[in-house]
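**Student:** Can you keep this structure in mind? I'll have questions shortly.
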Amino acid sequence: MRSFLSYLIPLLLLAFDVFASEYHEQLNLKPLPQSSLLASFNFRSNTTLPDFAAHNFRYFPRSLGQILEHVGTRELHLRFSLGRWDAESWGARPWDGTKEGGTGVELWAWLEADTEEEADHKWLTLTNALSGLFCASLNFIDETRTTRPVMSFLPEGDHGAALDRMHLLHGVLPHEIVCTENLTPFLKLLPCKGKAGISSLLDGHKLFDASWQSMAIDIRPICPPGQECVLQIEQTIDMVLDIERSKRPRGNPIPRPLPGHELKCNASKPYHSGDACFPSDFDAGEDWSLDRLFGKSMKGTCLATNTELYPVCINVPHTRDIFATGGATEIKNPDGLSRCYQLSSEEDFSLILPHMSREGDNAKTTADEYVQPGTPLLYAERSFTGHGQEHGGVRSILTNPSPDTEVEFVYMETLPWFMRVYLHTLQARVEGSSGTKDDIIQEIYYRPALDRVRGSQLELRVRIPPASTVFLTYDFEKSILRYTEYPPDANRGFDVAAAIITILPSTSPDAPPALKKASNLRTTSLLLSLPTPDFSMPYNVIIFTSTAIALAFGGLYNILVRRFVGADEGVDATGGLKGKIARLMAKIKGAKGKVD
Amino acid sequence: MPRLLATLATLRGDPRLLKLPPYLSALCIAVGVVWLLLLPLNDFTRRTYISENALLPGQVNTYFGGSDKNVFRAYKHEIEALEGKSNIEINDELENIWRGIGLKVGRQNYTYHSAGHTYAGENAYAILHAPRGDATEAIVLVTAWRNVKDEFNRNGVALGLALARYFKRWSLWSKDIIIVAPPDSRAGIQAWVDAYHDTHDSFHVAPLPIKSGLLQGAVAIDFPFREGGFDGVHIVYDGVNGQLPNLDLINTVSYIANGQMGLHSFIQERIEHSDKYNDRLRTMLRGMMNQGLGHAVGAHSSFIPYHVDAVTVQPVGNGWHDEMGFGRLIESTFRSLNNLLEHLHQSFFFYLLMHKDQFVSIGTYLPSAMLIAVNFTIMAILMWVKSGVGEDIPKSTEPPTVADSKAVEGNKDAVSETPSTPAVEREIYLPLGIVIGCHFLGALPLFIFNHTSSHLLAPVFLLFALFNTLLPSLISNLVQVTSTRPLSLQQFYILKCFSLLLLGMFLSSLATLNFSLAFLVGLASAPLSFTRPWPANAPVRYIYTALLNLLSPTAIILAGVAAYAHYGAGAGVGDSSNTNTLMSALEHVLREAAFGWDVWGLYIPVVVWCVWWPAWIVGSVVVWGQPSSSSSSSNKVKSA
């Protein structure tokens, strides 16, 4: 992962060097174990602040710019995520986890306001505007879902003195399902709108079939020393594709069993024969190509991007055979673990990674197929304990895999108000290390919930000694909601947003480089089942009363309105021709009357 | 209205009113039993239906087959090679295969002690992460290494592995899939489920290293080796403590088997079901037996107390369907469970199944157990009233025989002249003490039978049964000796009143939790309603005591064991050593009960020893009673 990020460092430096209205894009591919592939798309454009103020948008999306200006947003981060990052197999997260959110939609922003009420008001406007722009239910981030993190988030941009007037607000929608309707507006913000360049690879079918995906938008002002301040928008899409699954053609996505002779079998088994095959799916390695994985090839480049920044890079050992389509130039990185491609702006581009035989003279191993992913700084797992309708508990297991470095981080939980936390039950138990137990939790910030007004917010600064695991547990009580407060599908349960872990940069000089900067991590979200009433009961009551009222009212109305006339007092019920004529005459008279 | 009140007032004083309750009570019992017997009729059952629309059973094409069969054969070879190996070796190999497929694997140790035996082992399980999911929900596939009959679940485990590999290829799962392979179907899976919900005793059961989200359903495969193919599936659904899974789950499996796979489906081991009254009644009674005993009948049973709906599926019959067909049944069931947006809640949790597609819901069957419970309450109220009526009045009002209507009429006038019967002080402390004492005494057998070593269980039980027959007279004598004067008739009334009141209360609340248990206990203790002291009539007393002893908890357990030895376990054992089989069957049953208490957390022993047994003791004491002089004089008058 570090080598993967080493690409981004020159990229970052470049970004600081050239600060006119700029646009960059880059696709980073990184094969992972168990035939997965991490594809990171990064798009970045700048506009100078005076240009922005003058409404002179060039690469900066106008729709977003106007919203930001209207509500006084200085810095904004929006995340759409789906699935979970499998840290055990895939190692450290891309971008150190700073460009991903918890499952669903996550939004945080620094707003300029004089008072908290004003900030709340602006936040409401912002969420509603973004909701429309991104086709997401962001407008459901109401006051009960909004928090003001104290320790967890730090502004990424350069704000100077304006920081004092800024308010950080954060909201999560854990149940929001991210789908194609969110991707389309995301692509619309790009200068090439998914028609050319790396964004032409993005397709809802593949993106949302990925094992993990995260779409991020970061907007921040950057003031490089001695240059004009710019407003930067960075859009990122990270996804982990299952190569075997993505290779299936779009017209036939069903994983039908392969024909028997195409199965990859372990031939060393004694019973191996035509009708018994012990599968060896992951050992044999996969062949894949860019156009087959994404369903289409890349259409040239978007704008005349900076020649110093290569649009496509791939993180594989130099021993891996790769063929690129014509017009592309391969540039190998001297560290031996990656290479980049410079493309021609006209031609379609694709990469082909052939199958590498594990037998014969030139046998290859998995070490030739992919770079072993780095170990993450921290593993985090969270689950509910207990069962029943009244009480429950939360247990987070946080593991520091490093043998010699301690990790300090802020653990933040935003819990809905109907989950009443018993803070006195909060416990941190450490296992596997000689470290004393007293200083695991360094600092606690807790803002208790108010019923139907706001959720509880819990921020803990925790330090984990090397090679040890911390079990963080607390109990809570489930409250009973009002009848109308249940959502549709109430028996499903209520989603509880992911806990956000911000690993603080280490201050010690001998810390590993990954610990030198802040990184993030999120647990999975949880499903909380609350006592749910039998909704069919009131429904039955409603139907019953409605029927009773309808019958009573119908009868009463009938009696009130209808005029009862004796059979012999009625209009002369003469039948036959005479009667017909009389009726006809009456009609004609009526029509005449209308005309007059 | 005033006339009505007046009629009621005269009725209130009417001595015939006091005659009525015993008949009413007997009627309740009779109606309750007849009610139950009517249930299998077409007029009372309903056809099953899928209530949760999201399930869409059998609406998907199944693709498990083709070359997956080659893989299945390979896994079967692997599993066969592991037969007879140690638990750890087996789990090592399972872990290897699961990791090869790309699943996350966890293992968990457990050790249970019960009746001097140790049940220890290691569970292995794997989690298939839903590709686009978020660990919020999960469905479970249980492939125990051995089924409840202790047979090697050869095809089941291999099928579980092949299905795991097949499921991994799909991206449509909205819930994680957990595949659990406990070494047995009784203790291991209970340890796993307990640990999943963090209710395990951490001294005996290790916590789970990895977990997923809320469990939404579980299916257990019980597929030991069998010759040839099969043509039907047997759905086992009874849970621990008589709780049942949501009817939708059973219907889903049954519907998929019948409609999509062309398989028959069966329940309660009635493989040849004619859907006639006879078969329906047998199915229902078998279901009630399983529910009443509350034991685990499959690997799925342990899930149900945690509100996780679960069934075990077994292949039955002879036909052309092979293991892959069974796999497709599981696949289709999992696709249906995967469709669920909410936890299964739409359909019934309380039902009696008569046939795979005929059921009776709680509203229809509950009255039968309730009527039986109500009979005790009626008698308790009668006893309370009787004990409040002064002893002089009953002497004059109570006619020597019931049929003497003239005397009743004459007395009626007398009563209407003195509408308020003289209030009599009730001496409740001694009877109350006896009732409470007997209920606390129930803890003694409960403790003994759950803490005795298994080889001692059978002799201890026989000893206890013997002691049990003597206990009522012992208590009776003890009371006579210790108290200053012998119990009066009024005190016997109060004694019976409290005992029956408690019994009625317990049974009517139990009926809503475990209908069958309440019904069976209620039926067995029905004679307790009609106990009374017969101080002067020794033959009636002895006959009634004999009847009570025949229906005592110990006698019924022995009878049940004999039936079990004859029909169930006796099949394999030689008939020559009849007493031996009986003893071993008794030991087996008692060991099971202790195991259920220690591992599954059964509450049935509490009901037997702390509800039924004390009521029986008090009832026998009442029969054995020798009321003191004043009341005995009244009896003398009666008998004269």
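Read top to bottom, the protein sequences are chains Z and V. Under numbering that gives the first Met the number 0, think of the first position of the first sequence as 0, with each following residue one higher. Under numbering that gives the first Met the number 0, think of the first position of the second sequence as 0, with each following residue one higher. Beta carbons: idealized from backbone N, C-alpha and C, even for Gly.
#1: Using the Cα positions of residue 319 of chain V and residue 228 of chain V, report the straight-line distance between them to the nearest angstrom.
#2: When you compare the CB of residue 138 of chain Z with every CB in chain V, is at least one pair closer than 8 Å?
#3: Give the interface partners of residue 136 of chain V over in chain Z, defined as CB-CB distance under 7 Å, in chain order.
#4: Tell me whether residue 58 of chain V is buried or exposed, calling it buried when 16 or more other Cβ atoms sit within 10 Å of its Cβ.
#5: As an exercise, report each continuous alpha helix (DSSP H) stretch of at least 4 residues that is fully enclosed by the segment 349 to 418 of chain Z, in chain order.
#6: Run down chain V in chain order and give the residues with a C-beta less than 8 Å from the C-beta of residue 255 of chain Z.
#7: Fully enclosed by the segment 181 to 229 of chain Z, which alpha helix (DSSP H) runs are 4 residues long or longer?
#8: Whole angstroms is fine: what's the gap from residue 272 of chain V's alpha carbon to residue 264 of chain V's?
#9: Could you compute how far the alpha carbon of residue 470 of chain V sits from the alpha carbon of residue 534 of chain V?
#10: From the beta carbon of residue 219 of chain V, is the nearest beta carbon of chain Z less than 8 Å away?
#11: With distance defined between alpha-carbon atoms, name the residue in Z:399, Z:442 and Z:394 nearest to residue 409 of chain Z.
#12: Closer than 8 Å by C-beta to residue 288 of chain Z: which residues in its own chain qualify, once you throw out the five before and the five after it? Chain order, please.
#13: Is it buried or exposed for residue 602 of chain Z, if we count other Cβ within 10 angstroms and need 16 for buried?
#14: Scan the segment 108 to 135 of chain V for residues whose Cβ lies nearer than 9 Å to a Cβ of chain Z and list them as they occur along the chain.
#15: Using a Cβ cut-off of 7 Å, which residues of the segment 319 to 353 of chain Z contact any Cβ in chain V, in chain order?
#16: Along the chain, which unbroken stretches of the beta strand (DSSP E) at least 3 residues long are found entirely within the segment 457 to 483 of chain Z?
#17: Alpha helix (DSSP H) containing residue 110 of chain V: first to last residue?
#18: Assign residue 377 of chain V to buried or exposed, taking buried as 16 or more other Cβ atoms, counted over all protein chains shown, within 10 Å of its Cβ.
#19: How would you label residue 508 of chain V, buried or exposed, when you count the other beta carbons within 10 angstroms and need 16 or more for buried?
#20: So with CB distances below 8 Å, who are the chain V contacts of residue 490 of chain Z?
#21: Please list the partners that residue 210 of chain V has in chain Z, where partner means a Cβ-to-Cβ separation under 7 Å.
#22: Give the residues from the segment 23 to 50 of chain V that approach chain Z closer than 8 Å (Cβ to any Cβ), ordered along the chain.
#23: Can you tell me whether residue 539 of chain V is buried or exposed, with buried defined as 16 or more other CB within 10 angstroms of its CB?
#24: My guess is that residue 502 of chain Z and residue 377 of chain Z are in contact by the Cβ rule of under 8 Å, so how many angstroms apart are they, rounded?
#25: Leaving aside the five residues before and after residue 510 of chain Z along the sequence, list all residues of the same chain whose C-beta is less than 7 Å from its C-beta, in chain order.
#26: Quick check on the DSSP output: the alpha helix (DSSP H) that includes residue 121 of chain Z runs from which residue to which?
#27: Strictly by DSSP, which residues pair up with residue 110 of chain Z?
#28: Here's the rule: buried if 16 or more other CB atoms are within 10 angstroms of the residue's CB, otherwise exposed. What is residue 617 of chain Z?
#29: Quick one: residues in its chain with C-beta nearer than 6 Å to the C-beta of residue 233 of chain V, no 5 flanking neighbours on either side, listed in chain order?
#30: State whether the segment 333 to 343 of chain Z contacts the segment 49 to 57 of chain Z, with contact taken as three or more CB pairs (one from each stretch) at a distance under 8 Å.
#31: Just curious, the beta strand (DSSP E) that residue 429 of chain V is in, first and last residue?
#32: Three-state secondary structure (DSSP) at residue 534 of chain V?
#33: Taking the C-alpha atoms as reference points, what is the distance between residue 27 of chain Z and residue 42 of chain Z?
#34: Over the uninterrupted alpha helix (DSSP H) stretch that includes residue 63 of chain V, give me the two end residues.
#35: Have a look at Z:461, Z:528 and Z:80 and flag the residue whose alpha-carbon is nearest the alpha-carbon of residue 207 of chain Z.
#36: Over the uninterrupted beta strand (DSSP E) stretch that includes residue 216 of chain V, give me the two end residues.
**Tutor:** According to the data block:
#1: 5 Å
#2: no
#3: 526
#4: exposed
#5: 365 to 368
#6: 62 and 65
#7: 203 to 206
#8: 10 Å
#9: 18 Å
#10: no
#11: Z:442
#12: 349, 350, 351 and 352
#13: Nothing can be reported for residue 602 of chain Z: it is not among the residues displayed for chain Z, which extend from 0 to 595.
#14: 128, 129, 130, 131, 132, 133, 134 and 135
#15: none
#16: 467 to 477
#17: Run containing residue 110 of chain V: none in the alpha helix (DSSP H); it sits in the beta strand (DSSP E), 103 to 113.
#18: buried
#19: exposed
#20: 341, 342 and 344
#21: 382
#22: none
#23: exposed
#24: 6 Å
#25: 404
#26: 115 to 133
#27: Z:72 and Z:166
#28: Missing from the structure shown is residue 617 of chain Z; chain Z here goes from 0 to 595 and no further.
#29: 265, 313 and 315
#30: no
#31: Looking at the DSSP string, residue 429 of chain V is not in any beta strand (DSSP E); the run it does join, the alpha helix (DSSP H), is 428 to 440.
#32: coil
#33: 12 Å
#34: Looking at the DSSP string, residue 63 of chain V is not in any alpha helix (DSSP H), and its letter there is neither H nor E.
#35: Z:80
#36: 213 to 220
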